[in-house]
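Same order as they appear, the protein sequences are chains A and B.
FYI, the numbering for the first sequence is 15 to 200, going by the working numbering.
FYI, the numbering for the second sequence is 89 to 246, going by the working numbering.
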Amino acid sequence: MAEHVILFAGPMGAGKTTAIEALSEVPVVRTEAANTDRVTADKETTTVALDYGEITVSDTDKVRLYGIPGQRRFDFMWQILKDRARGLIVLVNADAVDPIADMLTFIDEFRVLHERGGVVVGITRADLGVGPSPSAFADALQVAHPEMLVPVFTVDPRKTDQMTTVLLALVANIEMRAALSPEAIH
Amino acid sequence: VDDPHGRHARRARRRPGGPGGAVGRRRHHRHPLHTLLWHIGLNSFPGELAWWLQRDDRYRLVRWPNFTTLAHTPDHVRMTSLLGYASLTVDELAEQANVAPAEARRLVTAFSLMRILRSESPDVALARPALQRETTAQPTAVPARGGLFRRLLDRLAR
């Protein structure tokens, strides 16, 4: 069976677990512990190893959705999952202290996934109207990585239709990149 | 809208708070104008290319639209992805995406109104030394409609 591993990365409280729950056809496997950093994200628990969900596409295809912990002290999990992944969805909450810096940190950390697959940015909590505008995120990406054209969407991670749009844009880019690789063209 | 890529666009980019302008930590307004321009582009030129666009020009995406705020189809997403990776004429876009030419024209018109496309005239491209020409990779092997995108779409529609 072909497996397509998609990672969900971003700071604590951005909505990664919620996004996977919106897409997964199975109950999401969660590895949570009590959240001791209530300043960054005011929630009871946070992911410490990974979240896991999946979509069975056909008898021969499965999309595996992994949410990685947002705190850097758990970054040993980042490398393990990065090596297996084909694509990345970076979620950042617009009302964080510096969400653009958060986005760029994760883009830099997982840059290899852009080079071999695809990356999409989802801005959560944008409906609060606080923090940088959506275009400011795209502008910052363009300045930091002019060679990358990364889709930037505002998204409510609770809404399956919006997460589906994010996932389909990512898959379209992964397939297009593969089709346009030198090996595919020549 | 007689000069979508001209002076007005450049002036807008310089405006504080606009794209490229100073953006502080403040309340921002969503972009209702993009929603309107998207709607106008898709529906106001019944399948024809808008008059300021050229059939022989190649178009390339400079920024993805915020699709979660726009009524869109999966073909819109596929065509957008194509334009992100290659400079294409409208006819090439329709062929590569395997959509009706009118659909490609509508999308390009909408993106032009939203100022998220750049165009390249064929004579300008040929006038430049080959080494300076932008890569216009031809997606000869664009994923067929039976690729993972389509299978995933079918699965999620169930």
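Glycine is no exception: its CB is placed at the ideal position from the N, C-alpha and C atoms.
Nothing here was measured: the structure is a model prediction, and the numbers come from that model.
Please report how far the alpha carbon of residue i lies from the alpha carbon of residue j, in whole angstroms.
{"i": "residue 168(B)", "j": "residue 152(B)", "result": "7 Å"}
{"i": "residue 127(B)", "j": "residue 136(B)", "result": "15 Å"}
{"i": "residue 132(A)", "j": "residue 117(A)", "result": "15 Å"}
{"i": "residue 107(A)", "j": "residue 84(A)", "result": "12 Å"}
{"i": "residue 23(A)", "j": "residue 159(A)", "result": "18 Å"}
{"i": "residue 165(B)", "j": "residue 19(A)", "result": "21 Å"}
{"i": "residue 246(B)", "j": "residue 240(B)", "result": "10 Å"}
{"i": "residue 116(B)", "j": "residue 15(A)", "result": "For residue 116(B), the predicted structure reports a pLDDT of 49, less than 50, and the residue's modelled location is therefore unreliable. A value from the coordinates is still provided. Cα-Cα distance, rounded: 46 Å."}
{"i": "residue 139(A)", "j": "residue 129(A)", "result": "28 Å"}
{"i": "residue 222(B)", "j": "residue 33(A)", "result": "Caution is warranted here: a pLDDT of 49 is assigned to residue 222(B), below 50, making its placement in the model unreliable, and the coordinate value is therefore given only provisionally. Going from the Cα of residue 222(B) to the Cα of residue 33(A) covers about 37 Å."}
{"i": "residue 209(B)", "j": "residue 115(A)", "result": "37 Å"}
{"i": "residue 172(A)", "j": "residue 36(A)", "result": "6 Å"}
{"i": "residue 120(A)", "j": "residue 195(A)", "result": "25 Å"}
{"i": "residue 163(A)", "j": "residue 157(B)", "result": "19 Å"}
{"i": "residue 138(B)", "j": "residue 172(B)", "result": "21 Å"}
{"i": "residue 207(B)", "j": "residue 163(B)", "result": "21 Å"}
{"i": "residue 175(A)", "j": "residue 182(A)", "result": "10 Å"}
{"i": "residue 28(A)", "j": "residue 142(B)", "result": "43 Å"}
{"i": "residue 99(A)", "j": "residue 78(A)", "result": "9 Å"}
{"i": "residue 82(A)", "j": "residue 145(B)", "result": "43 Å"}
{"i": "residue 59(A)", "j": "residue 122(A)", "result": "27 Å"}
{"i": "residue 26(A)", "j": "residue 170(B)", "result": "33 Å"}
{"i": "residue 137(A)", "j": "residue 148(A)", "result": "7 Å"}
{"i": "residue 168(A)", "j": "residue 41(A)", "result": "25 Å"}
{"i": "residue 17(A)", "j": "residue 141(A)", "result": "34 Å"}
{"i": "residue 77(B)", "j": "residue 122(B)", "result": "No statement about residue 77(B) is possible, as the shown extent of chain B runs from 89 to 246 and does not include it."}
Please classify residue i: does DSSP put it in a helix, a strand, or coil?
{"i": "residue 176(B)", "result": "strand"}
{"i": "residue 129(B)", "result": "helix"}
{"i": "residue 23(A)", "result": "strand"}
{"i": "residue 206(B)", "result": "strand"}
{"i": "residue 160(B)", "result": "coil"}
{"i": "residue 195(A)", "result": "coil"}
{"i": "residue 125(A)", "result": "helix"}
{"i": "residue 149(A)", "result": "helix"}
{"i": "residue 89(B)", "result": "Caution is warranted here: a pLDDT of 40 is assigned to residue 89(B), below 50, making its placement in the model unreliable, and no coordinate value can be reported."}
{"i": "residue 154(A)", "result": "helix"}
{"i": "residue 89(A)", "result": "coil"}
{"i": "residue 159(A)", "result": "coil"}
{"i": "residue 187(A)", "result": "helix"}
{"i": "residue 149(B)", "result": "strand"}
{"i": "residue 143(B)", "result": "coil"}
{"i": "residue 111(B)", "result": "Model confidence at residue 111(B) stands at a pLDDT of 39, short of 50, so the residue's coordinates are unreliable; what they give is reported in the following sentence. In this structure, residue 111(B) counts as coil in the three-state DSSP scheme."}
{"i": "residue 110(A)", "result": "coil"}
{"i": "residue 138(B)", "result": "coil"}
{"i": "residue 65(A)", "result": "strand"}
{"i": "residue 58(A)", "result": "coil"}
{"i": "residue 144(A)", "result": "coil"}
{"i": "residue 166(B)", "result": "helix"}
{"i": "residue 180(A)", "result": "helix"}
Taking the alpha carbon of residue i as the point to measure from, which residue in the options has its own alpha carbon closest?
{"i": "residue 94(A)", "options": "31(A), 124(A), 111(A) and 161(A)", "result": "124(A)"}
{"i": "residue 124(B)", "options": "244(B), 197(B), 209(B) and 207(B)", "result": "197(B)"}
{"i": "residue 131(B)", "options": "154(B), 194(B), 189(B) and 182(B)", "result": "194(B)"}
{"i": "residue 193(A)", "options": "204(B), 209(B) and 184(B)", "result": "184(B)"}
{"i": "residue 92(A)", "options": "36(A), 21(A) and 188(A)", "result": "21(A)"}
{"i": "residue 45(A)", "options": "137(A), 37(A), 25(A) and 66(A)", "result": "66(A)"}
{"i": "residue 151(A)", "options": "75(A), 59(A) and 112(A)", "result": "112(A)"}
{"i": "residue 126(A)", "options": "101(A), 149(A), 105(A) and 135(A)", "result": "101(A)"}
{"i": "residue 166(A)", "options": "135(A), 182(A) and 103(A)", "result": "135(A)"}
{"i": "residue 88(A)", "options": "39(A), 104(A) and 64(A)", "result": "64(A)"}
{"i": "residue 71(A)", "options": "38(A), 86(A), 81(A) and 58(A)", "result": "38(A)"}
{"i": "residue 191(A)", "options": "188(B), 174(B) and 179(B)", "result": "174(B)"}
{"i": "residue 120(B)", "options": "179(B), 177(B), 159(B) and 242(B)", "result": "159(B)"}
{"i": "residue 133(B)", "options": "182(B), 191(B) and 180(B)", "result": "191(B)"}
{"i": "residue 30(A)", "options": "69(A), 154(A) and 104(A)", "result": "104(A)"}
How far does the alpha helix (DSSP H) with residue i in it extend, from its first residue to its last?
{"i": "residue 75(A)", "result": "Here residue 75(A) belongs to no alpha helix (DSSP H); instead the beta strand (DSSP E) covers 75 to 81."}
{"i": "residue 236(B)", "result": "236 to 245"}
{"i": "residue 166(A)", "result": "No alpha helix (DSSP H) contains residue 166(A), which is instead part of the beta strand (DSSP E) from 166 to 168."}
{"i": "residue 196(B)", "result": "189 to 201"}
{"i": "residue 37(A)", "result": "30 to 37"}
Verify whether the separation of the beta carbon atoms of residue i and residue j is less than 8 Å.
{"i": "residue 109(A)", "j": "residue 144(A)", "result": "yes"}
{"i": "residue 179(A)", "j": "residue 155(B)", "result": "yes"}
{"i": "residue 129(B)", "j": "residue 189(A)", "result": "no"}
{"i": "residue 201(B)", "j": "residue 148(B)", "result": "no"}
Tell me where the beta strand (DSSP E) around residue i begins and ends.
{"i": "residue 101(A)", "result": "101 to 107"}
{"i": "residue 134(A)", "result": "132 to 138"}
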